[in-house]
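First up is the structure itself, then whatever we jot down about it.
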Amino acid sequence: MPTFAIVILVLFSAVLAGVVAVRPAITGSRAGKILAFGVLFFLPLFSLMAGMDNEMERSKSTAFCLSCHIMEPYGKSLHIDDPGYLAAAHYQNHRVPADEACYTCHTNYAMFGSLKAKLGGMRHLYVYYLKQQPLPQDIKLHEPFNNRECLHCHLGARSFEQGATHNADPATLPAIKGNTLSCISSGCHDVVHNVGRWGDKVKFWDGGS
Amino acid sequence: MRTGDSMCQRLRISGMFVITGLLIEALCLVWSRPIAFVVLVCVGGTLIGLGVLFFLYSLVTAPAHATDSSCAATDK
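Following this line, the structure appears as structure tokens:
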């Protein structure tokens, strides 16, 4: 449901709740009782659910993540003109949706993964507003990056399953799939955002959204 | 205080909670900042939840036939 439709629904609910609050006498009739139940129970909860769902969807957007000042360098890293930078290569080649780039890699593809990701985001907000903010380069993941998030897309892909490096040792592929050999911290794809370590020679691609 | 007055008062209080929560939700929906999500859930959601719970509490604690005529009388 589009945001403006939810806003209209919410305001409509508020107006009806106002009618019941100002004229509680209307609950004297059967129709009034039904109206009161709809207005003070069903509509507020439905509006709240619709609003929260809308906010959850909006919080998946790249623009939402990058709206925090501290995330700016991470957004900039998506435009690095070097295919060796994992995040930039994924973003620029649309291996992840450009408008949900952060969420696609940093969510948790397990049960209640989106909820866990958003609870982690709440912690970001807590630190951002109430604690001393770390430097962007000092930001760390809550927990080591799980290969499951990579395999959500790459599992079964020919480039992954038949890649020369992945098959050089027969034990490599099972280890990756079992998350015992990390994709990003085993020396293979370890250049991800590298915020604070770009140096002077890094160039930026000015295309994309 | 008569039972009808009490029921009317409870409906008003419940309505005020719900209205305030809904208005905060509407503001959060048009306010595109990460903190809006927290305000919506923590403040808007709490107020709406309180309003709904208070309404339900009013229903289960209201004496039978308490509101039908007396609420209307107080409203005139």
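Just so you know, the protein sequences line up as chains A and B, in that order. For what it's worth, my numbering labels the leading residue of the first sequence as 111, then goes sequentially. For what it's worth, my numbering labels the leading residue of the second sequence as 5, then goes sequentially. For every residue, glycine included, the Cβ atom is placed at its ideal position computed from N, Cα and C. Predicted model, so just to flag it, every value in this text is computed and none were measured.
Got a sec? Which residues, its chain only, sit under 8 Å from residue 247(A) by beta carbon, not counting five neighbours each side? Taking the first residue of the first sequence as position 1, residue 247(A) is located at position 137. Excluding residues within five positions, the ones whose Cβ falls inside 8 Å are 183, 305, 306 and 307.
Using the beta-carbon of each residue, which ones in chain B are nearer than 8 Å to residue 164(A)? Against the first sequence, residue 164(A) aligns to sequence position 54. Here the neighbours are 33.
Segments of 4+ residues assigned as alpha helix (DSSP H) that fall wholly inside the segment 189 to 243 of chain A: 196 to 202, 211 to 216 and 223 to 240
Using only CA atoms, which one of 24(B), 20(B) and 43(B) lies nearest to residue 235(A)? To locate residue 235(A), count along the first sequence from 1; it is residue 125. Ranked by Cα distance from residue 235(A), the first of 24(B), 20(B) and 43(B) is 43(B).
Using DSSP with H/G/I as helix, E/B as strand and the rest coil, what is residue 314(A)? For the purposes of this step, residue 314(A) is taken as the residue at position 204 of the first sequence. Three-state result, residue 314(A): strand.
Less than 7 Å between C-beta atoms, sequence neighbours within five positions excluded: which residues of the same chain meet that for residue 148(A)? To locate residue 148(A), count along the first sequence from 1; it is residue 38. Once the five neighbours on either side are set aside, residue 148(A) has no close Cβ partner at all.
Partner residues on chain A for residue 38(B), Cβ-Cβ distance less than 7 Å: Along the second sequence, read from residue 1 onward, the residue named residue 38(B) stands at position 34. Result: 174, 177, 178 and 235.
C-beta atoms of residue 160(A) and residue 119(A) nearer than 9 Å: Locating residue 160(A) in the first sequence gives position 50, counting from the first residue. Locating residue 119(A) in the first sequence gives position 9, counting from the first residue. Against a cut-off of 9 Å, the Cβ pair of residue 119(A) and residue 160(A) comes out as a contact.
Closest Cβ-Cβ distance between residue 185(A) and chain E: below 9 Å? Any reference to chain E falls outside this structure, whose protein chains are A and B.
Specify the secondary structure class of residue 138(A) as computed by DSSP and reduced to three states. Within the first sequence, the letter at position 28 stands for residue 138(A). Residue 138(A): helix per DSSP, three-state reduction.
For chain B, check one thing: does any of its Cβ atoms lie closer than 9 Å to the Cβ of residue 124(A)? Position 14 of the first sequence, counted from the first residue, corresponds to residue 124(A). So yes, residue 124(A) belongs to the interface.
Please report the Cβ distance between residue 14(B) and residue 62(B), rounded to the nearest whole angstrom; I am assuming they are in contact, meaning their Cβ atoms lie under 8 Å. Indexing the second sequence from 1 puts residue 14(B) at position 10. Indexing the second sequence from 1 puts residue 62(B) at position 58. Contact flag correct, Cβ pair sits at about 4 Å.
For residue 64(B), would you say it is in contact with chain A, using Cβ-to-Cβ distances shorter than 9 Å as the test? For this step, residue 64(B) is matched to residue 60 along the second sequence. So no, residue 64(B) is outside the interface.
Expressed to the nearest angstrom, what Euclidean distance is found between the alpha-carbon atoms of residue 224(A) and residue 216(A)? Counting from one through the first sequence, the residue named residue 224(A) turns up at place 114. Counting from one through the first sequence, the residue named residue 216(A) turns up at place 106. Taking the straight line joining both Cα atoms gives about 10 Å.
Quick one: does the C-beta of residue 64(B) sit closer than 8 Å to a heavy atom of the ligand HEM? The ligand HEM is not among the ligands present in this structure, which contains no ligands whatsoever.
Just to confirm my understanding: we take residue 5(B), look at its own chain, exclude 5 residues before and 5 after, and list those with CB closer than 6 Å. What are they? Here residue 5(B) refers to the residue found at position 1 of the second sequence. Residue placement at residue 5(B) cannot be trusted, given a pLDDT of 49 that sits under 50; the coordinates are not used to answer.
Out of 202(A), 277(A) and 258(A), which has the shortest C-alpha to C-alpha gap to residue 288(A)? Here residue 288(A) corresponds to residue number 178 of the first sequence, with the count starting at 1. Of the candidates 202(A), 277(A) and 258(A), the one whose C-alpha sits nearest the C-alpha of residue 288(A) is 258(A).
For residue 112(A), which three-state DSSP category applies? Taking the first residue of the first sequence as 1, we reach residue 112(A) at position 2. Residue 112(A): coil per DSSP, three-state reduction.
Give the interface partners of residue 169(A) over in chain B, defined as CB-CB distance under 9 Å, in chain order. Stepping through the first sequence from its first residue, residue 169(A) is reached at position 59. What residue 169(A) touches in chain B: 38 and 41.
Might you give, ordered along the chain, the residues of its own chain that have their beta carbon closer than 8 Å to the beta carbon of residue 295(A), omitting 5 neighbours on each side? Position 185 of the first sequence holds residue 295(A). Excluding residues within five positions, the ones whose Cβ falls inside 8 Å are 254 and 255.
Under 6 Å Cβ to Cβ from residue 66(B), same chain only, skipping five residues before and after it: list those, please. For the purposes of this step, residue 66(B) is taken as residue 62 along the second sequence, with counting starting at 1. The residues are 11.
Helix or strand or just coil, what does DSSP make of residue 265(A)? For the purposes of this step, residue 265(A) is taken as the residue at position 155 of the first sequence. Three-state DSSP puts residue 265(A) in coil, outside helix and strand.
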